[in-house]
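Visitor:
2 protein chains.
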Amino acid sequence: MVIKPYGFAIWEKIQHALDTMFKETGHENVYFPLFIPKSYLSKEASHVEGFAKECAVVTHYRLKNAEDGSGIVVDETAKLEEELIVRPTSETIIWDTYRKWIQSYRDLPLLYNQWANVVRWEMRTRLFLRTAEFLWQEGHTAHATKEEAITEAEKMMNVYATFAEDFMAMPVIRGLKSESERFAGAEETYCIEALMQDGKALQAGTSHFLGQNFAKAFDVKFATKEGNQEYVWATSWGVSTRLMGALIMTHSDDHGLVLPPKLAPIQVVIVPIYKGEEQLAQLGEHVEGLMKDLRKKGISVKYDNRDTHKPGFKFNEYELKGVPLRIGIGPRDLEQGTYELARRDTLTKESIDAGRIVARIEELLEEIQQNLLDRALSYRESHITEVTDYQEFKKVLEVKGGFISAHWDGTKETEERIKEETKATIRCIPIDQKKESGVCVYSGKPSSGRVLFAKAY
Amino acid sequence: MVIKPYGFAIWEKIQHALDTMFKETGHENVYFPLFIPKSYLSKEASHVEGFAKECAVVTHYRLKNAEDGSGIVVDETAKLEEELIVRPTSETIIWDTYRKWIQSYRDLPLLYNQWANVVRWEMRTRLFLRTAEFLWQEGHTAHATKEEAITEAEKMMNVYATFAEDFMAMPVIRGLKSESERFAGAEETYCIEALMQDGKALQAGTSHFLGQNFAKAFDVKFATKEGNQEYVWATSWGVSTRLMGALIMTHSDDHGLVLPPKLAPIQVVIVPIYKGEEQLAQLGEHVEGLMKDLRKKGISVKYDNRDTHKPGFKFNEYELKGVPLRIGIGPRDLEQGTYELARRDTLTKESIDAGRIVARIEELLEEIQQNLLDRALSYRESHITEVTDYQEFKKVLEVKGGFISAHWDGTKETEERIKEETKATIRCIPIDQKKESGVCVYSGKPSSGRVLFAKAY
C-alpha cells in the first residue's frame, strides 16, 4: 500500500482529530520498538494463537554478494539467535516494559498511546481494509482496578464513536464482540460497527478490556495502598488506516469520493472560467480577497489556475476527489458580482452574491457535514432488519443486506454454523440492547436479547 | 529504544516544526511500505553496497507450534520466495513507484516526504544516536533538471540549519561531505554538523543530490517539453530521532536536561510551597488566573500540586527534565503579591510582582532561547581550531577536541590515513569555505581550502 499525498492528507486530518481527543482524555504518546522477540509473543497463550499465523519474521541481519557472483543474497552467517517478529500489535513488548515502570499504585494509571505501523500477513489483501502493513494507533493502559480498566475501555469506544460520527459523518453501532470475535488475549472487546453502502458491515475500531492476562503473562504486579502485591489491569484500543476505507465506502457515489468537510484536505476549490491571459489575471485578482477571508475563518481553499486543463476537466477532477464545495467564476460573474457555488454531496448549484459568499460557505460546510451523517444514518437505519426465522434471515441477507437483528442462543456452535452457512457473523451485541426474551433464530433455544449479524469486510 | 512520554512530546514538537517548514516549502506527505523486496535494493550498485551489511531481513511469514511441543517456532513451509528487507531508507521502493507516476515534464517536480521508522542493524548501539530502529522523515523529490535538483538539496540543507538554530538553539555548520562520507548512491551530500559539549561532532541532518542514479537504476524517464525522453533528477533528505540526542548533548549540564523553550513540552512549571490542605487550596485558586493568562499566550504551563512529593523533590525533578522556567509560590508570596521565578539555563532566581509576571515570562522564554543559542555558538566558535601541521592536529584533537580546520589534499587516501591514525574524519567542506591555497596537513601536497575534521558520534 502506497498512500499518495491527497490520501495521506486525509489520514493526517484523522490523526490530528483523534490525537487531540486522546490527549483531552489524559493520554500521552510514546514509541515502542517495531521488532518483538519471538519469546515475548509466545507468553500470552491465546494472543500468540491469534497472531502466529500472520507474522512477518526477521531471521537475518545482513546481506552479502553471492559467492558465484549471481547477486545479493542473505548472509547465512548473520542468523539471529532468536527470531524477531514485526509487530502485529504491541501488547507483549509494551507489557514487558510496563513491568519495569510499575511498582506501586502511585505509578498507575499509565495512559499511553502510539502511532505506528504494524504488519499482519494477509493472503488476500484489499486496499485500506486489509493490507499486510497498515498504519494505526494503539493505546495501552494500565490500571489498579478492574472497574477503572473497564471504564477506560468503554471510554475509548465512545471516543471512537464520537470521532466516527462527528468527523467522518459515519454512524456506528457501539457494542460488544461475541467470544469468538474477541481480540486474542482480551476478556471483552468493545467495538464500533459501521454499515457500508453495499450492505456489508465494517468493524471500524475496537477497544479491549484485557483483564490481568498480560500482567500475568509478563509478571506485572503493583503494591496496593494497603501494601499487597496485585496484578495490574489492562486495556488496549486501536483504529487504523482502515478508517480511510470506511470513509470512502460510506459516502462515495458514482462520481467519486464525497468527503465530509471536517476531513477534507481541500474544503473549497475555486475554478476560473476564462478566455485569455487577461481574463485569468482579472479573475485571479478578484478571488484573492475571498481566499484570504476564507482562510481567516480556518477554511482550506485552493485556487486552480492551471492553464494546462479546461474548467470541465477540473470540475470532474474535484468531483472525483470529493471536494465539498466548488466555486466557478467567469467574466459574467465578475460583472454581476456573483459566484457559482456547487455542492459535492447533492451535486446542486446556486448563484451567490459576493457579499454573502463567505457566510454561505460556512453555512454550507456545516450543512454538508450534517447531511452526510443524516444520509448515512438513514441508510443504516433502513438496513437493520429484525428477523425471527432462519429462512427470512438468509433471504434478507441475500436480497437486502445490512444488519440483521436476531435472537441468538449465545453459543459458539450456533454462531459458527450460521457463519458457515451464510457467511454472516455476529458483528456485535449492541450496548443499548434491550432485554427481550425470545428464541434463537437458528437453534430455537432461548435467548435473552437480539444481536446484530451481517456479512462483513 | 523505547521513547517515553516526555521524550516523545519533544519529538512531536520537533516533528511539528519541521513538518510546517516542509509544507511551507511546497512538500506533501506520503507513505511507502516498510518492506522492500531484496531485488529492488540491489538495483543501485553503490546503494546496496552501502546498506547490505546492516539489513534486517524478513524470510518467513508464519509461526507455528513446534511438533515436539517445545513452543512456538518459525513455520518453514512459509518461506518467502523473495526476501523482504526492512527499509534502511526508501529510495529504491520510492523510485520504483515514481516510474509509474512520472511520464512527462508536467508531472514534475514531485516534492514528497514521509515520516517513518527505519532499521539499520547496528552492532554498537547508542541511545538516540545509533539505534537499530529509529524514527525519521525522508524527503524524496524528482525534478526535470539537474539545477533544480541541486537547488532543492541545498534548500533542504538550509531548512534543516534554520530549524537547528531557531528551534533547537543548536548552531550548525553547513557543508558538503567528502566522497567517502557521502550517502550510498548520492552524487553530493550536503550536511549540517553540530558540536557537542564533549568536543565531538555530530552529523545532524543530510540532504543528497542523487543525480540520475536512481532514475537510471529504476528506469524513470520523462518526456521533456521538446518531446525528448530524459532521466529524472533526484534528491533525498532526512533527519531523525538522532536530533533528540543532539538536543540533549548540546545544552545539558550537571543538573540534567536544559531544553530550549521552543521545544519544551512544559515551558513553565508552578510548584506550590505550602503547609496543609487549606494553604494548598488557596494557592491553587491563586495561580488559576495566571495559568489561564499564560495559556492564552500559547505558553504551556503545568501546575504540580501532587501531595506525594515535597517542593524540593519537585524542584530537582523539573531541573532534571530541563523545564525552562519554574515558579515557586508560597503563603509569603501570596501576601506580598509576588512570584519566585527560576531560570533553568542560568539557575538564577528573581522575585516578580504578580502584575508583571506574564510579561516577564514571555521575555524570559525568548531570552533563554537566545541565550542557549549564544552559549552553544560561543562554545562552538572557541572549538574551531586552525592547524597547519600534523603534530598540532593530533595534539588539538586529543587535548581540546572540537573541529579542526586544516588543509587537505583532496584524496581518499589521506582522509583514510588520518582516520586510522587519529579517529578524526572530515565532517564537512564548509559551504562558506574561502579559497585559500595551502598544503595538506598530512601529505604536504597542495590544497585549495580548509576542511573541518573532528571525532564524531
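Respectively, the protein sequence lines represent chains A and B.
The letter at position 158 of the first sequence is residue 1636 when you use my numbering, and the numbering goes up by one with no holes.
The letter at position 222 of the second sequence is residue 1700 when you use my numbering, and the numbering goes up by one with no holes.
Note that CB positions come from ideal geometry on N, CA and C, so glycine has one too.
For B:W1599, return the contacting residues in chain A, with the cut-off set at a CB-CB distance below 9 Å.
Guide: Within 9 Å Cβ-Cβ: Y1539, R1540 and A1556.
Visitor: Per DSSP, what kind of secondary structure is B:R1660 in: helix, strand or coil?
Guide: Coil at B:R1660, not helix or strand.
Visitor: Taking the continuous beta strand (DSSP E) assigned at A:F1486, which residues delimit it?
Guide: Element bounds for A:F1486: not the beta strand (DSSP E) but the alpha helix (DSSP H), P1483 to E1502.
Visitor: What does the alpha-carbon distance come out to for the pair A:K1878 and A:R1928?
Guide: Computed Cα separation, rounded: 19 Å.
Visitor: Compare the C-beta of B:A1495 with all C-beta atoms of chain A and state if any pair is closer than 8 Å.
Guide: B:A1495 does not count as touching chain A.
Visitor: At 8 Å on the CB atoms, spell out the chain A contacts of B:V1564, in chain order.
Guide: Correct list: L1512, V1536 and V1564.
Visitor: Listing by chain order, which chain B residues have their CB less than 7 Å from the CB of A:C1906?
Guide: Within 7 Å Cβ-Cβ: nothing; A:C1906 doesn't reach chain B, min ~29 Å.
Visitor: Which parts of the region 1826 to 1878 of chain B are runs of the alpha helix (DSSP H), unbroken and 4 residues or longer, counting only runs that do not cross its ends?
Guide: For the region 1826 to 1878 of chain B, whole alpha helix (DSSP H) runs of length 4 or above, ordered along the chain, are 1835 to 1859 and 1868 to 1877.
Visitor: Look at the Cβ atom of B:S1714, then the Cβ atom of B:G1617, and state whether they are nearer than 8 Å.
Guide: Yes, Cβ-Cβ distance for B:S1714 and B:G1617 is below 8 Å.
Visitor: Leaving aside the five residues before and after A:Y1509 along the sequence, list all residues of the same chain whose C-beta is less than 8 Å from its C-beta, in chain order.
Guide: Excluding residues within five positions, the ones whose Cβ falls inside 8 Å are Q1592 and A1594.
Visitor: Within a Cβ cutoff of 6 Å, which residues of the same chain sit near A:Q1911, ignoring the five residues on either side of it in sequence?
Guide: For A:Q1911, where only same-chain residues beyond five positions count, the Cβ hits under 6 Å are G1927.
Visitor: Going by beta-carbon coordinates alone, are A:M1646 and A:S1685 separated by less than 8 Å?
Guide: Against a cut-off of 8 Å, the Cβ pair of A:S1685 and A:M1646 comes out as no contact.
Visitor: Can you list, in chain order, the residues of its chain whose CB lies under 7 Å from that of B:S1429, leaving out five sequence neighbours each side?
Guide: In the structure displayed, chain B extends from 1479 to 1935; residue 1429 of chain B sits before or after that span and is not available.
Visitor: Which of the residues in the region 1793 to 1821 of chain B, read from start to end, lie with their CB under 8 Å from any CB of chain A?
Guide: Hits within the stretch: zero.
Visitor: Give the residues of chain B in contact with A:E1561, contact being defined as C-beta atoms less than 7 Å apart.
Guide: The answer, in chain order, is V1552.
Visitor: Which partner residues does A:H1621 have in the DSSP bridge list?
Guide: DSSP, once it has assigned bridges, lists A:W1711 as partnering A:H1621.
Visitor: Short check: CB of A:I1751 to CB of A:I1805, under 8 Å?
Guide: Contact: no.
Visitor: When you check each C-beta in the region 1707 to 1739 of chain A against every C-beta of chain B, which residues fall closer than 7 Å?
Guide: Of all residues in the region 1707 to 1739 of chain A, none has a Cβ within less than 7 Å of some Cβ in chain B.
Visitor: I'd like to check one pair, A:A1934 with A:A1679: are the Cβ atoms closer than 8 Å?
Guide: In contact: A:A1679 and A:A1934 (Cβ atoms closer than 8 Å).
Visitor: Would you say A:M1769 lies against chain B (beta-carbon separation less than 8 Å)?
Guide: By this cut-off, A:M1769 is not an interface position.
Visitor: Checking contacts by CB at 8 Å: is A:E1490 closer than that to chain B?
Guide: By this cut-off, A:E1490 is an interface position.
Visitor: Residues of chain E with CB closer than 8 Å to the CB of A:T1786, please, in chain order.
Guide: Included in the structure are the protein chains A and B, with no chain E among them.
Visitor: Which residue wins for smallest C-alpha separation from A:I1670, given the options A:V1919, A:I1909, A:S1925 and A:V1917?
Guide: Of the listed residues, the one whose Cα sits closest to A:I1670 is A:I1909.
Visitor: So, is the C-beta of A:Y1781 closer than 8 Å to a C-beta in chain B?
Guide: Not one chain B Cβ lies under 8 Å of A:Y1781.
Visitor: Within a Cβ cutoff of 7 Å, which residues of the same chain sit near A:F1687, ignoring the five residues on either side of it in sequence?
Guide: Excluding sequence neighbours, A:F1687 sits near A1627, I1628, A1631, A1664, E1665, E1666 and T1713.
Visitor: Three or more beta-carbon pairs under 8 Å between the region 1687 to 1700 of chain A and the region 1570 to 1585 of chain A, yes or no?
Guide: These segments touch.
Visitor: Only counting the same chain, and skipping five residues up and downstream in sequence, which positions put a Cβ closer than 8 Å to that of B:H1861?
Guide: L1673, G1677, K1878, G1879, G1880 and F1881, listed in sequence order.
Visitor: When burial is assigned at 16 or more other CB atoms within 10 Å of the CB, is B:E1545 buried or exposed?
Guide: The residue is exposed, with fewer than 16 neighbouring Cβ atoms inside 10 Å.
Visitor: Taking the DSSP output, what are the residues bridged to B:H1686?
Guide: Partner(s): B:T1667 and B:S1714.
Visitor: Of all the options A:K1788, A:A1854 and A:E1845, which has the alpha carbon lying nearest to the alpha carbon of A:P1802?
Guide: Comparing Cα positions, the closest option is A:E1845.
Visitor: Name the chain A residues whose beta carbon is nearer than 7 Å to that of B:I1481?
Guide: Neighbours of B:I1481 on chain A, chain order: V1508 and Y1509.
Visitor: Give the straight-line distance between the Cα atoms of B:T1889 and B:L1721, rounded to the nearest whole angstrom.
Guide: Whole-angstrom Cα-Cα distance: 31 Å.
Visitor: What first and last residue would you give for the beta strand (DSSP E) that runs through A:F1513?
Guide: F1513 to P1515 is the extent of the beta strand (DSSP E) around A:F1513.
Visitor: Report yes or no: do the region 1728 to 1740 of chain A and the region 1757 to 1772 of chain A share at least 3 C-beta pairs separated by less than 8 Å?
Guide: Contact between the region 1728 to 1740 of chain A and the region 1757 to 1772 of chain A is absent, because fewer than three Cβ pairs lie under 8 Å.
Visitor: With distance defined between alpha-carbon atoms, name the residue in B:G1916, B:L1589 and B:M1648 nearest to A:P1483.
Guide: Here the closest residue by C-alpha is B:L1589.
Visitor: So is B:A1742 in contact with chain A if we call contact Cβ pairs under 8 Å?
Guide: So, not an interface residue.
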